[in-house]
Amino acid sequence: MGSTTLRTFDPVEKIWKIFQEFAIKPWIHFDAAWGGGVYFSEDAAFYRKLSSLSDSIVLDFHKFISAPLLCSVLLVKDKSVLVDEVTALNGNYLFTSNQNIKYSLSLKSLQCSREAYAFKLWLMFKHHGLEHFQNLIQKYYENQEELINKLSDRVLYVVEPQYFNVGLWFIPKEMEVKETITDYTAAEIEKIDQLNLAIYDQIVKDGFMKINSYHFNNLPLFIRIIVDHGNLTTDIIYEIVAYLYKIYESVGSSPCKSLI
Ligand SMILES: *Cc1c(COP(=O)(O)O)cnc(C)c1O
Numbered sequence: 000m001g002s003t004t005l006r007t008f009d010p011v012e013k014i015w016k017i018f019q020e021f022a023i024k025p026w027i028h029f030d031a032a033w034g035g036g037v038y039f040s041e042d043a044a045f046y047r048k049l050s051s052l053s054d055s056i057v058l059d060f061h062k063f064i065s066a067p068l069l070c071s072v073l074l075v076k077d078k079s080v081l082v083d084e085v086t087a088l089n090g091n092y093l094f095t096s097n098q099n100i101k102y103s104l105s106l107k108s109l110q111c112s113r114e115a116y117a118f119k120l121w122l123m124f125k126h127h128g129l130e131h132f133q134n135l136i137q138k139y140y141e142n143q144e145e146l147i148n149k150l151s152d153r154v155l156y157v158v159e160p161q162y163f164n165v166g167l168w169f170i171p172k173e174m175e176v177k178e179t180i181t182d183y184t185a186a187e188i189e190k191i192d193q194l195n196l197a198i199y200d201q202i203v204k205d206g207f208m209k210i211n212s213y214h215f216n217n218l219p220l221f222i223r224i225i226v227d228h229g230n231l232t233t234d235i236i237y238e239i240v241a242y243l244y245k246i247y248e249s250v251g252s253s254p255c256k257s258l259i
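Position one of the sequence shown corresponds to residue 0 (numbering that gives the first Met the number 0), numbered consecutively onward.
Shown next as structure tokens:
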């Protein structure tokens with residue numbers, strides 16, 4: 000549910016139907032560590048319904064709603080597995096025999112004494128309310144849309160953006176912007192790779208913004224921008240885009256220089 004690199008979502012229902020067809024009953028786990036923002040989006044009802052197919056879900060609240068580090072949550076359908084897990088740990092070296100079982104939180108958590116994760120989350124929701132987080136997620140979607148609308152010239156997106164991280168290639172000036180990256184020849188791919196590497200290097204050197212870059216499945220290096228920040232205003236997004244095109248112009252006109 001929201002892969003880290005490409006931020007794509009698996010077709011859960013289709014996969015589930017295959018299990019049904021072969022009468023297989025696997026443990027279905029949703030890794031929504033990064034993608035969990037969808038539970039606070041306009042499509043929340045859809046994702047909640049989809050989640051009824053899973054046995055467990057992981058959510059990283061320190062990622063998509065910026066809870067203070069760390070704030071991971073594991074949800075399970077059958078609570079008894081948690082009790083079994085904790086009992087199975089049998090950590091005599093961690094738990095003294097005279098520990099009061101009734102009051103010891105360590106014995107009720109998978110994280111030993113780090114039960115504070117849940118407290119952080121409770122406090123955040125108590126203080127801000129659910130609506131605040133829904134608005135935040137809505138804002139991230141708007142950030143993403145604004146960025147994509149502005150950043151459309153000479154750019155090919157790795158996959159159609161679904162979430163808050165945006166992966167893209169800048170295409171060299173002498174080339175046409177094609178439908179997909181596989182439409183380019185090997186020599187062209189090499190040039191796209193070099194251009195994006197040079198752009199990325201320049202961004203790192205300038206220190207103007209923090210972004211990622213990725214090599215994926217022998218494709219050219221692509222640039223990944225993540226827009227999950229509530230204070231990201233339209234002005235800042237425009238500034239980012241103007242900056243990126245400035246780098247594109249300077250690097251594109253002398254790619255060799257930046258590759259040294
Ligand atoms: C970040 C991430 C993880 C790892 O989570 P941590 O809580 O940072 O260890 C796992 N899965 C996905 C999809 C992630 O984005």
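Here a beta-carbon is modelled for each residue, glycine too, at the ideal position from N, C-alpha and C.
Requested in this report: Answer yes if the segment 165-184 comes into contact with the segment 69-77, meaning at least three C-beta pairs across the two stretches below 8 Å, and no otherwise.
Outcome: Cβ pair count under 8 Å is below three, so no.
Requested in this report: List in chain order: all unbroken alpha helix (DSSP H) runs of 4+ residues lying wholly within the segment 97-168.
Outcome: Fully enclosed alpha helix (DSSP H) runs of no fewer than 4 residues occupy 115-127, 129-149 of the segment 97-168, in order along the chain.
Query - Beta-carbon proximity of A31 to I64, cut-off 8 Å - result: Cβ distance not < 8 Å, so A31 and I64 don't count as in contact.
Query raised in the report: When you compare each of K48, F124, T7, I180 to G34 by their alpha carbons, which one comes out closest?
Result: Comparing Cα positions, the closest option is T7.
Query raised in the report: To which residues of the same chain is D9 closer than 6 Å at the C-beta, ignoring the five residues directly before and after it?
Result: Scanning its chain for C-beta atoms nearer than 6 Å, with the 5 sequence neighbours on each side dropped, one finds no residue around D9.
Query - Beta-carbon spacing of L167, F215 below 8 Å - result: Not closer than 8 Å, so no.
Query raised in the report: Hey, which residues come within less than 5 Å of ligand 1, measuring from Cβ to any heavy atom, in chain order?
Result: Qualifying residues come out as T3, D30, A32, W33, D59, S71.
Query raised in the report: Just checking my contact of F299 with F39 at CB under 8 Å: how many whole Å lie between their CB atoms?
Result: Here the chain comprises residues numbered 0 to 259, so residue 299 is not present and cannot be evaluated.
Query - Neighbourhood of V154 by C-beta distance below 8 Å, restricted to the same chain and skipping five residues each side - result: Within its own chain, the residues whose Cβ lies closer than 8 Å to the Cβ of V154, once the five positions on either side in sequence are excluded, are L167, W168, F169, I170, V176, listed in chain order.
Query raised in the report: Between which two residues does the beta strand (DSSP E) harbouring Y213 extend?
Result: For Y213, the enclosing beta strand (DSSP E) has its first and last residue at 211-213.
Query raised in the report: Are the CB atoms of L150 and F60 nearer to each other than 8 Å?
Result: No, the Cβ-Cβ distance between L150 and F60 is not below 8 Å.
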